[in-house]
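*Asks:* Per the working numbering, residue 30 is the first one in the sequence shown, and the count goes up by one each step.
C-beta: ideal position from N, C-alpha, C; glycine also.
Pasting a structure here, questions to come.
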Amino acid sequence: MRFDILTLFPNLFESYLSDSILKRALDQELIDVKFHNIRDYSSDKHHKVDDTPYGGGAGMVMACQPLFDCIKDVKKQNSGPVIFLTPQGERFTQNKANNLAANNKEIILLCGRYEGIDQRVRDQLIDQEISIGDYVLTGGELPAMILIDSIARQIPGVLGNEDSQGEDSFSEKFAGKKEYPHYTKPAEYEGHKVPDVLLSGNHAEIEKWREERLK
Ligand code: ADE
């Protein structure tokens, strides 16, 4: 799976991609993440990427020229959907992550900053708008990273233990519900005990206990 990220702040992604599961997925070439700094596409002599909104109002708007040129250029290298991360988008869910992972080999993620982007970019070049929740962040970079993480972990081989994905919250196995509580050794910690049933060895009872605790 190839991701192309369009952002003004590519460095924000560095630490998350340079460790743990996503680092291993990159090293094994199960995923590929390419960055494109929108500012590099500005034809302004000061590399300006934003301007004041027509009609007045607070904040700055990311202008057409750098975004049109950047998106058009990246589309030559990546034929996947162009997804804009914005609080106005459709809410991201496990279902959406599953569909994006199943139906694409390439995805373009556009991260906005400031008050927003010129509507003409959205109308002409964006295929899908996604929000990670009803709150406003400083930009689309964290949301883009969340999409990459949730999509990447569904690619065969990315998770160490193939089983662990089928037994996630929201999975078919749990009828789309959230998982039951987990415990590990010791059986008692600072006086707090693991439920007896989990130590009983009675698999039917354990299964029943877990099922009752799905949310
Ligand atoms: N950009 C700023 N806030 C966001 C959110 N909640 N979801 C997606 N992109 C965003």
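(1) Could you tell me the alpha carbon to alpha carbon distance between Glu-234 and Glu-240, rounded to whole angstroms?
(2) For the region 146–174, list the alpha helix (DSSP H) runs that are entirely contained and at least 4 residues long, ordered along the chain.
(3) Pick helix, strand or coil for Asn-12, following the three-state DSSP scheme.
(4) Please go through the region 64–145 and give each complete alpha helix (DSSP H) segment of 4 or more residues, from N-terminal end onward.
(5) Rounded to whole angstroms, what's the CA-CA distance from Asn-124 to Tyr-218? Just pull it up for me.
(6) At a threshold of 8 Å, does Pro-116 count as lining the ligand ZN (C-beta to nearest heavy atom)?
(7) For Glu-119, which residues in the same chain have their Cβ closer than 8 Å to its Cβ, ignoring the five residues on either side in sequence?
(8) Are the region 57–70 and the region 31–40 in contact at 8 Å, needing three or more beta carbon pairs?
(9) Can you give me the start and stop residues for the alpha helix (DSSP H) that Ile-50 sits inside?
(10) Who does Glu-217 pair with in a DSSP beta bridge?
*Replies:* A quick look at the data gives this:
(1) The residue you call residue 234 lines up with position 205 of the sequence shown. The residue you call residue 240 lines up with position 211 of the sequence shown. When the Cα atoms are used, Glu-234 and Glu-240 turn out to be separated by approximately 10 Å.
(2) Within the region 146–174, the runs of alpha helix (DSSP H) that reach at least 4 residues and sit entirely inside it are, in chain order, 148–154.
(3) Residue numbering for the chain in the displayed model covers 30 to 244; residue 12 lies beyond these limits and cannot be assessed.
(4) The region 64–145 contains these whole alpha helix (DSSP H) runs: 93–104, 123–132.
(5) Walking along the sequence shown from the start, residue 124 turns up at place 95. Walking along the sequence shown from the start, residue 218 turns up at place 189. Between Asn-124 and Tyr-218, the C-alpha separation is close to 37 Å.
(6) Annotation note on the ligand ZN: not contained in the displayed structure, which lists the ligand ADE as its ligands.
(7) The residue you call residue 119 lines up with position 90 of the sequence shown. Apart from sequence neighbours up to five positions away, the residues of its chain that approach Glu-119 with a beta-carbon distance below 8 Å are Lys-125, Gln-157, Glu-158, Ile-159, Ser-160, ordered along the chain.
(8) Counting Cβ pairs under 8 Å, three or more are found: they touch.
(9) As a working note, residue 50 is residue 21 in the sequence shown. Unbroken alpha helix (DSSP H) run through Ile-50: 49–56.
(10) Taking the sequence shown and counting its residues from 1, the one referred to as residue 217 is at position 188. Paired residues: Lys-222.
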